[in-house]
Amino acid sequence: MDSKIAMDLTALTIDQIRDLLASRKATALELTEAHFARIEQKDKDVRAYLSLCSERAREQARNIDRKVAAGEPLGLLAGVPVAVKDVILARGTRATCASRILENYVAPYDATAVRRLEEAGAIILGKTNCDEFAMGSSTENSGFYPTHNPNDLTRVPGGSSGGSAAAVAANLAIVSLGSDTGGSIRQPAALCGIAGMMGTYGRVSRFGLVAFASSLDHIGPFGRSVRDVARVLQVIAGRDPKDSTSADIPVPDYVQALDAGAPGLKVGVPSEYFKGLNPETGDNIQKGIDLFGKLGCSVVPISLPHTDYAIACYYIICTAEASSNLARYDGVRYGFRSPEHDDLRDMYKKTRDRGFGPEVKRRIMLGTHVLSSGYYDAYYLKAQKVRTLITRDFLEAFDDVDVIVTPTSPLPAFKIGEKVDDPLQMYLADIYTVTASLAGIPGISVPCGRTKCEPHLPVGMQLLAKHFDEARLLQVAQAFEKAGGFEVA
Amino acid sequence: MSVATEVRTKYEAVIGLEVHVQLLTQSKLFCSCSTRFGDPPNSNVCPVCLGLPGALPVLNRDAVTMAMKAAMALNCAINTRSRFARKNYFYPDLPKGYQISQYDEPLSQDGWIEIEANGARRRIGITRVHLEEDAGKSLHEGFPDSERKSYIDLNRSGVPLIEIVSEPDLRTSEESYDYLTRLKTLMLYLEVSNCNMEEGSLRCDANVSVRHAGASEFGTKTEVKNLNSFRFLQKALEYEIERQIEIVESGGTIEQETRLWDSREQRTYGMRSKEFAHDYRYFPEPDLLPLIITEDWKDEVRRSLPELPEARRQRFISEYALPEYDAAQLTASKILANYFEEVAKASGEPKLAANWVLSELLYLLKEANKEITDSPVSAASLAELLALLSKGTVSGKMAKEILAEMFRAGKRAAEVMSAQGLEQINDAEKIAAMVREIMAGNPKQVEQYRKGKTATLGWFVGQVMKATRGQANPQLVQDVLKRELG
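Top to bottom, those sequences are chains A and B.
If you're matching positions, the first sequence starts at 1234 in my numbering and goes up one per residue.
If you're matching positions, the second sequence starts at 49 in my numbering and goes up one per residue.
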């Protein structure tokens, strides 16, 4: 196979793959090999992947090809090469969570989302880099190496799902799974110039997602088109008896709803999300908003008054939960254990000191503090109250509007190393995304053109909808994409 | 340690108990692993109860139902909405680094149980009954490398427990003993736990303080752990109460701390003082939804409650006319009460049944070191014997012998009797012949009787019984003797 064809096979949509397989113009194995070839060639620069599961991928590809040959019905994602963030488990493959503490940990079972992908015929190519335990906004907190933004290799891909975003942006996978706790899908999607979606909390099972902050964690898809994102969400969404917080609400046909356009819809623009915004980003978002007017939507200003408290509220809740969720990495049963230690306490201390990176330790300490006796009411309990107020802001807004439009990130991709020494600046990268996480509403980031100045970095626009209104969100995003929104200039 | 009685009486102890009861569910609280005891270490485990990355808890409905039964039997109010919380601490046998328990929103609260203290009945408040998962077990002995290593068995990790917290209403070690006994009886009646202390399915911690008798303020309390038998509970409380009195008497202050009972040394010793007390950093468990108990569910559980010890005791008194004491004894165990009722119904002789179960059968069981469940004499079998006794077919003395043999050989009354020729002699002619024979052989005694020394009659009865190896109907023997001697 020559490299030109290999190139083509990595730049496809899910629908194109379905057609290629159906018309026998390509096999699933060829698609898989084309991706591995491109990974081999490109990933030494991008470093999106932490590990590849080539055997598992080829076996699945051969399964699909056998089904094609036998004329058996194919799953919704048959032959689609997928990358999976390393915090999501795939049986028999390493799940390091980009942490030294789990460097050699092999997952003994599949996450529900991974199982559903494979049952639908998807081919898992490998596990992608991220910030350690999904804590970060640049993928620089990986315990192994940073991932580079395919649009400019000197810049970060965003985070924490930077590997999954970069893989899709660099055609190292057709689609991918990420996890989003405070923006970890939407922000890297924006910085890499692709689409990334977080469904309603409870829409996609968290079973097999290594927990960072349980009440905020989501699994969601990245894709180069809204349609691809919709197709993946279709497969992974829905009630899972293994996750008590997964919603027992039917999953509508997202793809069928896609092409209804957006005329007559009401789009809300919250004034709070345009403060301190990078001017170039602001220009692009404004053009995106104008496009909604042309699509027949009415654009109205709205207010989400508690937005200012979101970052503080988010970092209290997520660190509190993280301090508890990460307690299990103690060197007793699995993962890294410090080889030298005096006694049990010393073993705990040295294991966790050496196993965790600085950002993880910072969050564990913050979280331990906000839950400790005497501080719980002032921090954790207060943050839960603020969370309720932020949710109420959204519910009230959605009484009036169908979707809310905001920038995804206050600024485009920054330079690798630029913010690593300033954690607070890094936390502020999540300023527009944490609110939806706290409220549990669905959000999608779609490309919204590129910055005017060199090196013309991608800008992302965030669309938000009310709980379980993913179909509406996708429909609006699709209308935006169709109208050229991804390339506004 | 011992404190003089006159000193002791100046003080009053205040005791509250925290009792953990393991529920008899098939599977664990948050996964489908078996709860079976005694399986090879780490054989009943899965990603959830091993605390592996990415695993999530799913609540076992049966455990909730059992906990509700216990709470209702303890007269607690069931909360329509309760919530699980994480109790965070590091320990090698706690795989997640937190225990899923309940904290500020427990399953149930505000109940009571009646105990008996100095012959009077008294209500002890139940603060709350909540659900939680058990931790694993650290094994420090019995493995090849036990000198250098501790081993962890996680079979118990995630097994459902209820924690029953009492108000500080108990005043003596005896009351505490009675409280725990009644709690155990209740759980056994409800069939929600086997309450086996050796296997750890019933565990007890005590909060103890002392104060001057009549004072209304509480003293500083200590928490005493490791009370793994009823005897330890009583001894440890005695010890701890006296220890505290001695400190207060000598002008010292009690330190708030956790103390462990050492059964070998028969004393408690400090384990952790307040400064080193754990900060458990409780917060609501985000992996589980709030637990909502519908009215229907409550009703369903309430309807499924069996007759409880107190109700049964009262019914035994009214229905079977049993003395208070017998009724209390019989209802102290559900199995014993069931056994008794079966005997009573089958024999139609409830009073006789109560006597024979409480004295003869329990004696034989105790001698043989057996439980009522292993009794070689079934209730039906005992009822047959008692029916024979009440008809006069056998004498009381014979019945005892027959029962002993039934117990020994596992045979029914009729089998024992025919094997030993133990049937009672009720043939008046046969007895008269025997009487005449004895009279002929003992003219002196006959003369004494006829001169008015009627007490000699007893001697004659004895002779007849001896001659018949006790098989003669004693009443008939007396009648015949009086007639023949008269």
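A virtual CB, placed ideally from N, CA and C, is assigned to each residue, including glycine.
Please read all numbers here as calculations on a predicted model, not as lab measurements.
Per-residue DSSP class, three states only, for residue i
i, result
"Gly86/B", "coil"
"Leu529/B", "helix"
"Arg1289/A", "helix"
"Phe508/B", "helix"
"Met1234/A", "Only weak support is given to the placement of Met1234/A: the predicted model assigns it a pLDDT of 44, under 50, and the question is left unresolved by the model."
"Met1240/A", "Model confidence at Met1240/A stands at a pLDDT of 45, short of 50, so the residue's coordinates are unreliable; what they give is reported in the following sentence. It is helical."
"Asp1252/A", "helix"
"Asn403/B", "helix"
"Asn1296/A", "helix"
"Thr1601/A", "helix"
"Cys1551/A", "helix"
"Asn244/B", "coil"
"Arg460/B", "coil"
"Lys1475/A", "coil"
"Pro354/B", "coil"
"Gln292/B", "helix"
"Phe455/B", "helix"
"Phe1517/A", "Checking the sequence, you will find Asn at residue 1517/A rather than Phe. It is helical."
"Lys76/B", "coil"
"Tyr199/B", "strand"
"Glu343/B", "helix"
Residue j beta carbon less than 8 angstroms from that of residue i
i, j, result
"Asn474/B", "Leu524/B", "yes"
"Tyr146/B", "Ser1394/A", "no"
"Ile1334/A", "Gly1568/A", "yes"
"Asp1303/A", "Gly1354/A", "Asp is not the amino acid found at residue 1303/A; the sequence shown has Ala there. Contact: no."
"Ile1297/A", "Ala1261/A", "yes"
"Pro1474/A", "Cys1425/A", "no"
"Val512/B", "Val483/B", "yes"
"Ala394/B", "Ala428/B", "yes"
"Leu1671/A", "Tyr1506/A", "no"
Proximity winner among the options, relative to residue i (alpha-carbon distances)
i, options, result
"Ala61/B", "Ala447/B, Ala261/B, Asp310/B, Leu275/B", "Ala261/B"
"Gly1494/A", "Lys1527/A, Ala1560/A, Ala1545/A, Glu1513/A", "Lys1527/A"
"Tyr227/B", "Trp160/B, Ser249/B, Ile293/B, Ile210/B", "Trp160/B"
"Arg134/B", "Ala119/B, Gln150/B, Leu122/B", "Gln150/B"
"Tyr59/B", "Arg329/B, Val258/B, Phe191/B, Glu271/B", "Val258/B"
"Gly1391/A", "Cys1363/A, Ser1479/A, Ala1698/A", "Cys1363/A"
"Phe266/B", "Pro105/B, Ala462/B, Arg219/B, Leu384/B", "Arg219/B"
"Met1659/A", "Ile1549/A, Ser1504/A, Ile1535/A, Ile1544/A", "Ile1544/A"
"Gly318/B", "Arg307/B, His326/B, Ala325/B, Ser311/B", "Arg307/B"
"Ala467/B", "Ala476/B, Glu477/B, Glu453/B, Glu343/B", "Glu453/B"
"Ile212/B", "Leu238/B, Gln157/B, Arg196/B, Ala165/B", "Gln157/B"
"Ala1553/A", "Ala1611/A, Asp1575/A, Pro1512/A", "Ala1611/A"
"Lys1511/A", "Asn1374/A, Ala1281/A, Pro1643/A", "Looking at the sequence shown, residue 1511/A is not Lys but Asn. It is Pro1643/A whose Cα lies nearest to the Cα of Asn1511/A."
"Arg109/B", "Met446/B, Val349/B, Lys530/B, Glu471/B", "Val349/B"
"Met446/B", "Thr516/B, Ala165/B, Leu505/B", "Thr516/B"
"Ile1637/A", "Val1468/A, Lys1618/A, Phe1701/A, Ile1522/A", "Ile1522/A"
Min CB distance residue i to chain E below 8 angstroms
i, result
"Leu1671/A", "Among the chains of the structure shown, chain E does not appear; the protein chains present are A and B."
Residue i beta carbon near the ligand ZN (any heavy atom closer than 7 angstroms)
i, result
"Ala392/B", "Questions concerning the ligand ZN fall outside what the structure shown contains, since it holds no ligand whatsoever."
Quiz item: Of all the residues that make up the region 397–424 of chain B, which are near chain A by a beta-carbon distance shorter than 8 angstroms?
Solution: none
Exercise. Identify each residue in the region 134–155 of chain B for which the Cβ-Cβ distance to at least one residue of chain A is less than 7 angstroms, and report them in chain order.
Key: Arg134, Asn136, Phe138, Pro140, Pro143, Lys144, Gly145, Tyr146
Quiz item: Okay, do the region 1343–1355 of chain A and the region 1436–1445 of chain A touch, 3+ Cβ pairs below 8 angstroms being the bar?
Solution: The region 1343–1355 of chain A, when compared against the region 1436–1445 of chain A, does touch it at the 8 angstroms Cβ threshold.
Self-check item: Given 8 angstroms, three or more beta-carbon pairs between the region 1710–1720 of chain A and the region 177–195 of chain B
Solution: Segments in contact, no.
Quiz item: Does the region 233–248 of chain B come within contact of the region 68–77 of chain B, defined as at least 3 CB pairs closer than 8 angstroms?
Solution: Touching, per the Cβ criterion.
Practice problem: Check whether the region 360–376 of chain B touches the region 401–420 of chain B, taking contact to mean three or more Cβ pairs, one atom from each stretch, closer than 8 angstroms. | Solution: At 8 angstroms Cβ cutoff, the stretches touch.
Quiz item: What residues from the region 308–338 of chain B come within 7 angstroms of chain A, judged by C-beta to C-beta, listed N to C?
Solution: Asp327, Arg329, Phe331, Pro334, Asp335, Leu336, Leu337
Quiz prompt | Near-chain A residues of the region 99–126 of chain B - C-beta to any C-beta below 8 angstroms | solution = Gly99, Leu100, Pro101, Gly102, Ala103, Leu104, Pro105, Val106, Leu107
Exercise. Mind checking the region 1312–1332 of chain A against chain B and listing, in chain order, the residues whose C-beta falls within less than 9 angstroms of any C-beta there?
Key: Correct list: Val1320, Ile1321, Leu1322, Ala1328, Cys1330.
Quiz item: Any contact of the region 1448–1462 of chain A with the region 103–120 of chain B, i.e. 3+ C-beta pairs under 8 angstroms?
Solution: Pairwise C-beta distances place the region 1448–1462 of chain A out of contact with the region 103–120 of chain B, as fewer than three of them are shorter than 8 angstroms.
Quiz item: Three or more C-beta pairs closer than 8 angstroms, one from the region 301–315 of chain B and one from the region 90–103 of chain B: is that the case here?
Solution: Under the three-pair Cβ rule at 8 angstroms, the region 301–315 of chain B does not count as touching the region 90–103 of chain B.
Quiz item: Are the region 422–438 of chain B and the region 455–463 of chain B touching, with three or more C-beta to C-beta distances below 8 angstroms?
Solution: yes
Self-check item: Given 8 angstroms, three or more beta-carbon pairs between the region 1244–1255 of chain A and the region 1316–1333 of chain A
Solution: no
Practice problem: Using a Cβ-Cβ cut-off of less than 9 angstroms, list which residues of the region 1426–1448 of chain A approach chain B; keep chain order. | Solution: Ser1438, Arg1439, Phe1440, Gly1441, Leu1442, Val1443, Ala1444, Ala1446, Ser1447, Ser1448
Quiz item: Would you call the region 1357–1372 of chain A and the region 1593–1600 of chain A in contact, with 3 or more CB pairs under 8 angstroms?
Solution: yes
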